[in-house]
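Structure record follows, encoded as structure tokens.
Chains as they are written, first to last, in this note's numbering: chain E, 1 to 184; chain W, 185 to 352.
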């Protein structure tokens, strides 16, 4: 299973969550599956999706799901320590680990070699770290979104991207409609 | 120890509506950070790196907050892309409080290069600046911090070496 199939499979599960999605092809794939106002697409700032999700979760009671990639987490690994120490119970970080930098041409990341981000997350202080295959995401994602404790899910998928285009939305439009949804 | 200037800064920021605080430590901002740790009327979290904090500011802003991050000027150098392609791209109101190191009186030579670039970097990023040299400059802080909402973008308060050291 590749990332786009994973996103397709969990789309209905995410309906009640505020979703902040990783820059590049992950956000483009999510958009292509059907745009929703509870999706905040990161258009810039690789690695900052999980941090944006955390800052949002600190300021809303609604469940927040940050969809990150392995490459993005490697770029902002300190955020795992902040999440491990400061994440509120409504925050879920789902790291879609396909072992590659998908948006830049599928160059391998270190998770395809020796690095294990679930262990990094545990070492950084994240108390609930769940690992699963893409095929088995439904149950741990439901549990995490309903849990009163913050969860990190590391979901393994195959490398590879759908052929999707850029998101044709102005950043301020994405911001405004998402803000309205947060405050609804 | 928090100084009178530290409490003046925090009071002005809160009066401007700032209600979500993050920090990457600086010796000059130590008193302010200590005040934030003890102030339970606002949310405060330390972060590991400035860029990460900017991501959290974006998220807080999406919930309608006016976030504020404290950092040393060296940390501004870690943030250029996060400002340009994220915070400013989404027109995110936020307040930066930056300690300006490396001016005469500085004891650490390595602080000088970024200190000399700080105002140029902020100008390049088109981030409005309030440079506070003396205690009375802080009288403008509330209006300036509120300007972030009007301008729909980041604004930066520079805290001089001398200001941070005075009032203790």
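Cβ atoms here follow ideal geometry from the backbone N, Cα and C, with glycine treated the same way. Please read all numbers here as calculations on a predicted model, not as lab measurements.
- Taking each of E:34, E:57, E:107 in turn and checking the Cα distance to residue 168 of chain E, the smallest one comes out for E:34.
- Scanning chain E for C-beta atoms nearer than 7 Å to the C-beta of residue 231 of chain W yields 82, reported in chain order.
- Of the candidates E:175, E:66, E:121, E:66 places its Cα closest to the Cα of residue 51 of chain E.
- In the structure shown, residue 129 of chain E falls within a strand segment according to DSSP collapsed to helix, strand and coil.
- Contact of residue 172 of chain E with chain W by beta-carbon distance below 8 Å involves 274, 275.
- Secondary structure of residue 144 of chain E (DSSP, three-state): helix.
- Judged by DSSP in its simplified three-state form, residue 166 of chain E adopts coil rather than helix or strand.
- Assigned with DSSP and collapsed to three states, residue 68 of chain E falls in strand.
- Residues 118, 154 of the same chain have their beta carbon placed closer than 7 Å to that of residue 131 of chain E, with the five preceding and five following residues left out of the count.
- Annotation: residue 220 of chain W to residue 81 of chain E spans about 20 Å, alpha carbon to alpha carbon.
- DSSP places residue 30 of chain E inside the alpha helix (DSSP H), whose first and last residues are 25-32.
- The beta carbon of residue 181 of chain E lies closer than 6 Å to those of 37, 38 in the same chain, with the five residues before and after it left out.
- By the rule that beta-carbons nearer than 8 Å mark a contact, residue 40 of chain E touches chain W.
- Runs of beta strand (DSSP E) with 3 or more residues, each lying fully within the stretch 209-293 of chain W, are found at 227-230, 250-256, 278-284, listed in chain order.
- By the neighbour-count criterion, in which a residue is buried when 16 or more other Cβ atoms sit within 10 angstroms of its Cβ, residue 145 of chain E is buried.
- Under the three-state reduction of DSSP output, residue 5 of chain E falls in the helix class.
- Taking C-alpha positions only, residue 213 of chain W is separated from residue 283 of chain W by approximately 7 Å.
- Taken in chain order, the members of the stretch 252-266 of chain W whose beta-carbon sits within less than 8 Å of a beta-carbon on chain E are 265, 266.
- Residues of chain E with a Cβ closer than 7 Å to the Cβ of residue 310 of chain W do not exist; the shortest Cβ-Cβ separation is about 16 Å.
- Look at residue 295 of chain W: its C-beta is not under 8 Å from any C-beta on chain E.
- In the DSSP annotation of this structure, the continuous segment of the alpha helix (DSSP H) that includes residue 118 of chain E starts and ends at 117-123.
- For residue 332 of chain W, the enclosing alpha helix (DSSP H) covers residues 325-335.
- Spanning the alpha carbons of residue 200 of chain W and residue 194 of chain W requires a straight line of approximately 10 Å.
- Contact note: residue 269 of chain W reaches chain E through 43, 44, 45, using a C-beta cutoff of 8 Å and chain order.
- One finds nothing in chain W with a Cβ atom closer than 9 Å to the Cβ of residue 150 of chain E; even the nearest lies about 14 Å away.
- By the criterion of a C-beta distance shorter than 6 Å, residue 315 of chain W is surrounded in its chain by 342, once the five residues flanking it on both sides are discounted.
- Secondary structure note for residue 83 of chain E: its alpha helix (DSSP H) is the uninterrupted segment 78-86.
- Rounded to whole angstroms, the separation of the alpha carbons of residue 104 of chain E and residue 1 of chain E is 20 Å.
- In this structure, residue 128 of chain E sits away from residue 111 of chain E, with a CB-CB distance that is not shorter than 8 Å.
- Residue 22 of chain E and residue 135 of chain E have their C-alpha atoms some 20 Å from each other.
- Comparing C-alpha distances from residue 295 of chain W to each of W:261, W:224, W:244 shows the shortest one belongs to W:261.
- Between residue 48 of chain E and residue 235 of chain W, the beta carbon gap of about 7 Å places them in contact (Cβ cut-off 8 Å).
- Excluding five sequence positions before and after residue 101 of chain E, the CB atoms of its chain that fall closer than 7 Å to its own CB belong to 71, 107, 109, given in chain order.
- Any Cβ of chain E closer than 8 Å to the Cβ of residue 278 of chain W would place that residue at the interface, and such an atom is absent.
- Relative to residue 346 of chain W, the option among W:298, W:329, W:285 whose CA is nearest is W:285.
- Between the alpha carbons of residue 114 of chain E and residue 120 of chain E lies a distance of about 12 Å.
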